[in-house]
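Chemist: Below is the structure I would like to discuss, written out as structure tokens.
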Amino acid sequence: MALNTSPTRTDVGYLRRRVRPAAEPAPAAQAPASRPEPRAPELAARPASTGLSLGPAATPASAPASAPSSAGLSLGGPSAAGPTRASAAAPAPSGLSLGPTASAPRPASPAAPAGALPFPAPSIDEVRELGDDEPVLRLNPRESAIGSLIVTGASSAVWEDADRVTGAATSDGATTGSPVTTPGNRPLVGFDDSDVLVSLRHVGRLRRALFIARGAEPLGVQIFDGSTVTVAPGDEKRMFVLSLLRIGSRVELRAEPVDREASDESIHRQFAFVLTPFLVTRASRSR
Amino acid sequence: MIPGANAALTAENPGLSQLLVGFGWETIPSHGPQAELVPMAIMCDAEGRSLSNDHLVFFNQIVSQDGSVSFVDDRDAEEIDVDLSLVPAEVAKIVFIVYVDPDVRGAGNFSAVRSAYVRVATRDNRELVRFVVPAADNRTINVMMFGELYRHREDWKFRALGQGYLTGLRGVAADFRIDL
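Written out as structure tokens, the structure reads:
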């Protein structure tokens, strides 16, 4: 079967990967003080697959003859450096493969390419209040990734990360489900005094969140550049909750109407949040 | 390299086109909120301004529209790839900054950062230059310009910078005329 020699797709962000030859590093051209180790030896040992590849061009012209050829159907992400859960001992894909195939840890990549947005949506500068008239807005990739997204007026929040770990917290300090902590020792989503903060540095780990307001203060959102938007309070029978969804590299905010009498748990069920039991682990002891 | 020094890249390495720009650092561990560093590439015109908001490349905007600059998280703490052959002619330089994410919960600064470096290598990791950012009193620094790739006649060179901002990303946005 002929090799896939199509150029790397730069317009499809989540399919991009480094096409890396498995050759030994050549001597430095300008006498570096220290020379790093050659990269990713496991790449050279990666087994070949046999089938159709829909990924980027598998073998550059400069690749050595020993470079693995991809001949199997592969709809997965990067194969040279797959997600953390991929196993280095994964068997050779001999046909259909829907997942990444190698082992190097990477952060969660955007869930969808930026160009795959389902419909146009206004920016935060174009919307003053989310509600019946303007139910949704979308942040750009910079607004979605810098600093903290601050939600004011919330009495409770529920979140789901990219691994479907789900938890909830209330403004009075109660927590259920499982927290998600980022490498900076901050919750991915959590209350800080009376506000809920979303750590946008790790927005790639967040899948979605939902914020509910029960008090007199309406829900409001502020981002790093100071832009704000509020959520309409609703009426006697229904209120709006704020839904946050990450679409690729963008955060989408949406006002969703719910029954005002519905409990938080009922609203969580309506939005299919199933809280993950929190397992308290402790370090193993040796006697 | 020392701050302000430059190194010829393409003149010394004919045919060089694809570069790997790697960043690394160590942070003093803490049980509380830690400073989280984020590299960003800014593609600038001859006036030193970003060509547009889309000419930024970082972890959440991972490739420039022309495909010449792309973000890769790999063997260094972070890496950005540059394909010099695809860089538009109107781009005079590509500035590499590292900012402390301005999370409202103790954003921090560079005071807890040690052994920060930027290095330029070929795509197959043949290191060309390395700049170790000098340790200094960085308690008020929250953005650091590590270095820049710039055109010099028909060639590309790298300049070590090591200059800090006291005004964070707002200062960067003002200087480079970008919306952050």
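Going down the list, the sequences are from chains A and B. Quick note on the working numbering: the first sequence kicks off at 1 and runs consecutively. Quick note on the working numbering: the second sequence kicks off at 1001 and runs consecutively. Even for Gly, the Cβ is constructed at its ideal location relative to N, Cα and C.
Whose CA, out of V274/A, T175/A and F224/A, lies closest to the CA of V198/A?
Modeler: F224/A
Chemist: For Q222/A, does the three-state DSSP call read helix, strand or coil?
Modeler: strand
Chemist: Please name the residues in the region 170 to 182 of chain A whose beta-carbon is closer than 7 Å to at least one beta-carbon of chain B, in chain order.
Modeler: Within the region 170 to 182 of chain A, no residue has a Cβ that lies closer than 7 Å to any Cβ of chain B.
Chemist: Spatial neighbours of T1091/B within its chain, please: C-beta separation below 6 Å, excluding the five flanking residues on both sides.
Modeler: Contrary to the premise, residue 1091/B reads as Val rather than Thr in this sequence. The beta carbon of V1091/B sits closer than 6 Å to the beta carbons of M1043 from its chain, once the five residues preceding and following it are set aside; these are given in chain order.
Chemist: Pull out every residue of the region 130 to 153 of chain A whose Cβ sits closer than 9 Å to any Cβ of chain B, in chain order.
Modeler: N140, P141, R142, E143, S144, A145, I146, G147, S148 and I150
Chemist: What ranges does the beta strand (DSSP E) occupy inside the region 1064 to 1104 of chain B, keeping only unbroken runs of at least 3 residues that lie completely in it?
Modeler: 1069 to 1072, 1078 to 1083 and 1093 to 1100
Chemist: I need the boundaries of the alpha helix (DSSP H) containing F1176/B, first residue and last residue.
Modeler: G1168 to F1176
Chemist: Anything in the region 1018 to 1032 of chain B with a Cβ closer than 8 Å to a Cβ of chain A? List those residues in chain order, please.
Modeler: S1030, H1031 and G1032
Chemist: List, in chain order, every chain B residue whose beta-carbon is nearer than 8 Å to that of S249/A.
Modeler: N1060, Q1061 and I1062
Chemist: In angstroms with no decimal places, state the Cα-to-Cα distance between A1007/B and S171/A.
Modeler: Their Cα atoms are separated by approximately 55 Å.
Chemist: With a CB to CB cut of under 6 Å and the five nearest residues on each side skipped, what residues in its chain are close to P41/A?
Modeler: Only weak support is given to the placement of P41/A: the predicted model assigns it a pLDDT of 33, under 50, and the value that follows is read from those uncertain coordinates. Hits under 6 Å: none found.
Chemist: If you measure from the beta carbon of R201/A to each beta carbon in chain B, is any gap under 8 Å?
Modeler: Output row for R201/A: interface = yes.
Chemist: If you follow the beta strand (DSSP E) that Q1018/B is in, where does it begin and where does it stop?
Modeler: Q1018 to T1027
Chemist: Listing by chain order, which chain B residues have their CB less than 9 Å from the CB of F289/A?
Modeler: One cannot answer for residue 289/A here, as it falls past the ends of chain A, which runs 1 to 287.
Chemist: On the three-state DSSP scale, how would you describe E256/A?
Modeler: strand
Chemist: Apply the 10 Å Cβ neighbour rule to P1029/B and answer buried if 16 or more other Cβ atoms are within range, or exposed otherwise.
Modeler: exposed
Chemist: Out of P277/A, R260/A, A216/A and L245/A, which one is the CA nearest neighbour of E236/A?
Modeler: R260/A
Chemist: Counting only beta-carbon atoms, is L206/A nearer than 8 Å to chain B?
Modeler: no
Chemist: Starting from H268/A and walking both ways along the alpha helix (DSSP H), at which residues does that stretch end?
Modeler: D264 to Q270
Chemist: Express the C-alpha separation of V1082/B and A216/A in angstroms, rounding to a whole number.
Modeler: Between the alpha carbons of A216/A and V1082/B lies a gap of roughly 52 Å.
Chemist: Within the continuous beta strand (DSSP E) that includes T1122/B, where are the two ends?
Modeler: V1113 to T1122
Chemist: Using a Cβ-Cβ distance cut-off of 8 Å, determine whether N1006/B contacts chain A.
Modeler: no
Chemist: Can you say whether V274/A is buried or exposed, counting buried as having 16 or more other CB atoms within 10 angstroms of its CB?
Modeler: exposed
Chemist: With distances taken from CA atoms, which of F1096/B, G1048/B and R1159/B is nearest V1069/B?
Modeler: F1096/B
Chemist: For the putative contact between G1147/B and E1079/B, defined by C-beta atoms under 8 Å, what is the C-beta separation to the nearest angstrom?
Modeler: With 8 Å as the limit, G1147/B and E1079/B do not qualify as a contact, their Cβ atoms being about 14 Å apart.
Chemist: Would a check of beta-carbon distances place L197/A closer than 8 Å to chain B?
Modeler: yes
Chemist: Considering only their Cβ atoms, is the gap separating G1004/B from A1160/B smaller than 8 Å?
Modeler: Going by C-beta atoms, A1160/B is nearer than 8 Å to G1004/B.
Chemist: Pull up the DSSP beta-bridge partners for K1157/B, would you.
Modeler: A1008/B and Y1150/B
Chemist: So, does the CB of D225/A fall closer than 8 Å to a CB anywhere in chain B?
Modeler: Taking CB atoms only, D225/A has a neighbour in chain B less than 8 Å away.
Chemist: Check the Cβ of R184/A against every Cβ in chain B and list those closer than 8 Å, keeping chain order.
Modeler: The sequence as given places Gly at residue 184/A; Arg does not occur at that position. Those within 8 Å of G184/A in chain B are P1033, Q1034, A1035, E1036, D1101 and D1103.
Chemist: Identify which residue in N1109/B, D1076/B, K1093/B and G1164/B has its Cα closest to the Cα of A1041/B.
Modeler: K1093/B
Chemist: Taking 8 Å as the CB-CB limit, is D193/A close to chain B?
Modeler: no
Chemist: Comparing the C-beta of N1053/B with each C-beta of chain A, is any distance below 8 Å?
Modeler: Chain A, which has a Cβ nearer than 8 Å to the Cβ of N1053/B, makes this yes.
Chemist: Less than 8 Å separating the beta-carbons of I1178/B and S1085/B?
Modeler: No, they are not a contact pair.
Chemist: With respect to the beta strand (DSSP E) encompassing P1039/B, which residues constitute its N-terminal and C-terminal limits?
Modeler: It spans L1037 to C1044 - the beta strand (DSSP E) in which P1039/B sits, taken as one unbroken run.
Chemist: Report the rounded CA-to-CA distance for P141/A versus D1155/B, giving the unit in angstroms.
Modeler: 32 Å
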